[in-house]
Structure formats: C-alpha cells, structure tokens
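Residue numbers (UniProt numbering): 1 to 611.
Here you go:
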C-alpha cells in the first residue's frame, strides 16, 4: 500500500469532502437531507440545561410540531421512506425523544392508517387529525406479558353486531399495553393505533389494528386507563402502561384493508387465512421503524465520532520526549477511534443500501428482505452502540455532559437495540432462515490456506468473511439436521446450534457491510476520498477478521504468522488514516453549528465565553 497525504488546497479538500458526503448520504444530500439539517438551526433546537423530565418531553413535542410546520411534512411521509428516515436521522442528533416521536407518529400510527386508506374515505378525518398534529399518534402493540411474542397478545376487540361496534377490552393484567407514549400532558390529545385480537361470532379471527381515541384536551377518554412508567435516563418520552375497559369504537375504526370485509352479522371475509399472516400484515409498519431507528443510531455514531475526533485534535496531553501533543497523536487513542470510524463508514454504506432496498420494495416484501433488515439492524445498531460508548470514554468527563450530545446517544442506544425487534431475537430468527438459504456467491468465498494472500487487499478480507459465513452455515445446518432427528423437541435442537448460527448471521452482516463499502468506494471519483475510504475498508475488514482470528487459524484460512501480524497491520493502518481523519469526519456534513457542542470546535473558547 502506497502512502498518501490528505488533499492540499481548498479546492482539493472541497472535492474530497463532497465525494464523501455523496457516499455518506447515498447521493441524496441536497434533495433529501439538506433542508432538514437547515431546520435544525432553529432556536427551538438549542440545548437547554436543567429541564425536568416533563419539561424535556414537552420540548420534544414542541420540536416535532416545529419541524412539521417548517418542513411542511406530509401526513403520508411514510410512503416516501427515504425522506422519513432522513427526518429521523437528523432529529435524533439533537433530540433523541423527538426522534422517537417522529417514528411513532409518522412511521407507525400514520403509516398504518395510510397503508389501509385505499377505498377508505371514512379514515380521512383521522388521517388529517394526525397529519396536522391536532392529535399525536400512538402505536400500542407490545403488552406487559407479550414482548417479542406480540403475536400472542390478548387485548381483544369483540364485534357487537347489534350496535355495529367493537368493544375494546384488556382481559388480564399481562394484556395491558406496555410502553406506548400515551400519557396525557399539556392538553395534547392522543389518537392510538391499537393491535387487538378480533373476536366475532365467538371466533378468534387473529390480530388486526384499530383506531382508538386515547385522550382529548381534557384528559384520558372514558375506559382508557393510563399509568405513567418510571424515569428512563436519556429518554424523556411519556411512556405508559395502558389498559382498556370495554371501550366502544365504531365499525370504521377497524383498519381492515380493501380485501377484508366484516359483514353486518359478524362474518369475516379475509384472503389471509392464517392468524400468523394476518398478524404480519397488521404490523407491516414496524419494518419502517426498524430501518429508521437503525439509520438514526448510525447517524448518532457519526456525530459521536465528529465530536470526539474534533476534540481529540484540540485536547493536549503529555507524550514521551514531548512537552504535550494532541491526544489524537497517541496510537492508543487512534487504535480505539479509527476502527470505530471504519466500522461506522461500513455500517453507513450497509444501511444506505437497505434503505434503498426497502424504499423500492415496500414494507411487505418477503422473507429475504425481512432477513436483511434484521441482520442489518442487529449488526449496525450494535456497532453504533459500541462506537458511541467508546467515544464517550475517549472524551473523558466532557463526554458526560448533555451539551456534548454523546451521553444522550448512549441513552438512545439502550432503546434502539431492543425496539422494533430485540436484536438478539430478530437475529436468531434471521439466522434460522439463513441456514436454509442458498450458498454465498462463490466470488465472495475465499478458499483456505492461500499462502500468497494479500491481507492489505480489502477484497481478500471480504473473501475471508464470506468463507467464514458459508462454512458456519453449512456446518450449523448439518449439525441442526442431526440434532432435529435425535432431539425430543425443536427447541432443544436449536439451543445446541444457536451460538454458531448467530455467529454466521453476524458474519453475514459484516460481509455485506464491507462489500457495500467497497462498492460505494469504487463509485467515488475523487482520488483522495477513494484512497481514504480504501484505508477504512481495509481497517474494517482486518478488525473483523482479528475478532475471530482463532477460528480462521483453526480452519487454516490464516497462517500463524498472519494472526501475529494482523495487530501490527491495524496499527499501521491507523497511522495512515491519521492524515485523513478530519477529512473523513467532514464527510459527515455535521458542523458544530448544527450540533452546538462545547467540545467539537474550540472547547477552550467555549468555556472562556461561558465564564
């Protein structure tokens, strides 16, 4: 690998930054992102110290309403997912609670209504009420006793054919809805989309969504019981436990699509025959939230790196033989931040590709896309969470202050990794599906034991990841087949192979991320940007191989000398990345004028100005 320096001159640097911005935002920055970033410059997004949880929550609602008005956000923005994802990504950088509100209001509540709007003019008033934010949308799916197995929920909507109404009821303590932002505060009405089990003519017909008014300006509606949940560090959302006591709702509030019909005497006609297919159709909007939350957390990882690296070039420390140097000059500091920078670029490329696939296919595109979303959410959100935690540490005490943003990002990581599908659960499900999938493209599968392999070539590393993925898939599938025959039940057999199955799915995510980063890099025409990205691709690939070097050694895909050499190679790549570090974070298009931190830009000046 030849040595390069960062571009010299304003014009050269500008071209390189523009190329990186193009990659980070998938070529859509000007059309999709730029006006949202500009909207965040409004004073309403300035950092506020000392707010109570109630005040912080009220401010988040105010910010969401401000964005709707300033950007003229349409009620059907969920039908333009790239725009919705961008709105969630940027908002999360300055208000993690407002980001959650946007996801729930637009992605889940309005998204569900719009998905069933065809031929349903009787839904127009509900949609307009939410689109104008006269009421805030709430999504009530998870129950206290049913989390990731929400398909087994108990909340029931019993059809009364005499009154032509549904009676919504919570039949047990475990059936209370858990975590919706249903608390009534500050006179803000709430309109909910509630998942409930339709019962008619004595038959359980499965889960469907229903529109239910939770509160008006005066407070909770009759029969709706809302209990606020305890304080959550880093997130001020007004979550609650919600129960229904024989709440009557009109027929039109059943969110059936045009192919489903309930006769006046209570006979359901639905082309989806199984309860499972009906449930999956009912929760189709969740996929939008899954992608949006993942994209937002990766955006927070980018912001954390921009803040931390900006601080690292200013903050000075002692050094052997030197009076003081910026802490970024220390290899141990680089060794933490630069692999995280590489991983974040890789995850950005992967998430961008997933956003494009989702936008092209829609929320109900089949198992292959569902598995891709699951793998991406798991690997990308875990990677982002690791990066955010590392950045918090590398900022020292400064990383603890809310004004420097990262502490809030730490809080939101706790939610994202378990929201819209707990990472461990959805990755397990995807892993089970992938065991029966076709083999990895042989172009990405490296044969073991190649002595002349160039580990500085990121495509070699891509091949090694493909080799591990396919080997784990084949070995685990065969082992699972044997255990299924011998075990008394499928759970016992699955438990015995779940660890390698998850390893396979995680490796698949890493391979997809590296492959997409290389594809994106190939499309970059600026030589400086392309070289910096190639360094990051190599650094990411080596870091992933290093995590499992023992496995590669045992499978003779690496020689003992390779295993010993990889840590030194990573050190060398960190040294080569240093001249590009500012350029690479400039590619995030996150100036401190947007983030408004104390430390990303002239931290000494900030504290001098504030006394």
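Ideal Cβ placement from N, Cα and C applies to all residues, glycine included.
Quantities reported herein were computed from a predicted structural model and do not represent experimental measurements.
Enclosing beta strand (DSSP E) for residue i [first to last residue]
{"i": "residue 85", "result": "No beta strand (DSSP E) contains residue 85, which is instead part of the alpha helix (DSSP H) from 81-94."}
{"i": "residue 199", "result": "190-200"}
{"i": "residue 240", "result": "240-244"}
{"i": "residue 504", "result": "Counting along the chain, residue 504 falls outside any beta strand (DSSP E), though it belongs to the alpha helix (DSSP H) covering 490-522."}
{"i": "residue 322", "result": "322-326"}
First and last residue of the uninterrupted alpha helix (DSSP H) at residue i
{"i": "residue 545", "result": "527-547"}
{"i": "residue 380", "result": "367-394"}
{"i": "residue 318", "result": "It is not in any alpha helix (DSSP H) - residue 318 instead sits in the beta strand (DSSP E) that spans 316-319."}
{"i": "residue 413", "result": "406-416"}
{"i": "residue 63", "result": "53-71"}
{"i": "residue 183", "result": "Where residue 183 is concerned, there is no enclosing alpha helix (DSSP H), given that its DSSP letter is neither H nor E."}
Proximity of residue i and residue j at Cβ, strictly below 7 Å
{"i": "residue 596", "j": "residue 33", "result": "no"}
{"i": "residue 94", "j": "residue 40", "result": "yes"}
{"i": "residue 136", "j": "residue 190", "result": "yes"}
{"i": "residue 290", "j": "residue 377", "result": "yes"}
{"i": "residue 88", "j": "residue 103", "result": "yes"}
{"i": "residue 140", "j": "residue 174", "result": "no"}
{"i": "residue 303", "j": "residue 590", "result": "yes"}
{"i": "residue 57", "j": "residue 236", "result": "yes"}
{"i": "residue 63", "j": "residue 526", "result": "no"}
{"i": "residue 416", "j": "residue 381", "result": "yes"}
{"i": "residue 360", "j": "residue 539", "result": "no"}
{"i": "residue 510", "j": "residue 544", "result": "yes"}
{"i": "residue 157", "j": "residue 198", "result": "yes"}
{"i": "residue 60", "j": "residue 13", "result": "no"}
{"i": "residue 373", "j": "residue 282", "result": "no"}
{"i": "residue 327", "j": "residue 312", "result": "yes"}
{"i": "residue 437", "j": "residue 505", "result": "no"}
{"i": "residue 403", "j": "residue 388", "result": "no"}
{"i": "residue 165", "j": "residue 217", "result": "no"}
{"i": "residue 533", "j": "residue 521", "result": "yes"}
{"i": "residue 477", "j": "residue 435", "result": "yes"}
{"i": "residue 433", "j": "residue 367", "result": "yes"}
{"i": "residue 375", "j": "residue 508", "result": "yes"}
Best match in the options for proximity to residue i [C-alpha to C-alpha]
{"i": "residue 406", "options": "189, 583, 297 and 211", "result": "297"}
{"i": "residue 212", "options": "489, 244 and 537", "result": "244"}
{"i": "residue 264", "options": "270, 53, 159 and 236", "result": "159"}
{"i": "residue 111", "options": "70, 60 and 255", "result": "255"}
{"i": "residue 161", "options": "151, 146 and 200", "result": "200"}
{"i": "residue 394", "options": "356, 337, 101 and 494", "result": "337"}
{"i": "residue 146", "options": "320, 126 and 179", "result": "179"}
{"i": "residue 562", "options": "592, 487, 464 and 519", "result": "464"}
{"i": "residue 227", "options": "541, 177, 453 and 151", "result": "177"}
{"i": "residue 185", "options": "549, 23 and 219", "result": "219"}
{"i": "residue 96", "options": "368, 408 and 356", "result": "408"}
{"i": "residue 399", "options": "418, 308 and 428", "result": "308"}
{"i": "residue 425", "options": "332, 90, 585 and 150", "result": "150"}
{"i": "residue 587", "options": "344, 559, 508 and 392", "result": "344"}
{"i": "residue 257", "options": "486, 301 and 123", "result": "123"}
{"i": "residue 169", "options": "224, 267 and 379", "result": "224"}
{"i": "residue 475", "options": "497, 491, 420 and 487", "result": "497"}
{"i": "residue 346", "options": "515, 126, 49 and 529", "result": "515"}
{"i": "residue 547", "options": "530, 51 and 567", "result": "567"}
{"i": "residue 332", "options": "572, 51, 503 and 608", "result": "572"}
Which residues DSSP lists as bridging residue i, in chain order
{"i": "residue 215", "result": "190 and 220"}
{"i": "residue 159", "result": "166"}
{"i": "residue 249", "result": "166"}
{"i": "residue 140", "result": "194"}
{"i": "residue 177", "result": "143 and 242"}
{"i": "residue 232", "result": "235"}
{"i": "residue 208", "result": "196"}
{"i": "residue 33", "result": "Answer is none; residue 33 lacks a bridge partner."}
{"i": "residue 254", "result": "210"}
{"i": "residue 226", "result": "242"}
{"i": "residue 269", "result": "261"}
{"i": "residue 203", "result": "200"}
Any C-beta of chain B under 7 Å from that of residue i
{"i": "residue 431", "result": "No chain B appears in the structure shown, which is made up of a single protein chain."}
CB-CB length for residue i against residue j, believed under 8 Å
{"i": "residue 36", "j": "residue 82", "result": "With a Cβ gap of about 12 Å, residue 36 and residue 82 do not count as contacting."}
{"i": "residue 306", "j": "residue 600", "result": "6 Å"}
{"i": "residue 214", "j": "residue 221", "result": "6 Å"}
{"i": "residue 580", "j": "residue 314", "result": "Actually they are not in contact, since the Cβ atoms of residue 580 and residue 314 sit about 18 Å apart, beyond 8 Å."}
{"i": "residue 19", "j": "residue 524", "result": "5 Å"}
{"i": "residue 278", "j": "residue 207", "result": "6 Å"}
{"i": "residue 551", "j": "residue 453", "result": "Wrong, their Cβ atoms sit about 16 Å apart, outside the cutoff."}
{"i": "residue 455", "j": "residue 462", "result": "Between residue 462 and residue 455 the Cβ distance is about 12 Å, and since that is not below 8 Å, they are no contact."}
{"i": "residue 107", "j": "residue 86", "result": "Wrong, their Cβ atoms sit about 13 Å apart, outside the cutoff."}
{"i": "residue 167", "j": "residue 246", "result": "5 Å"}
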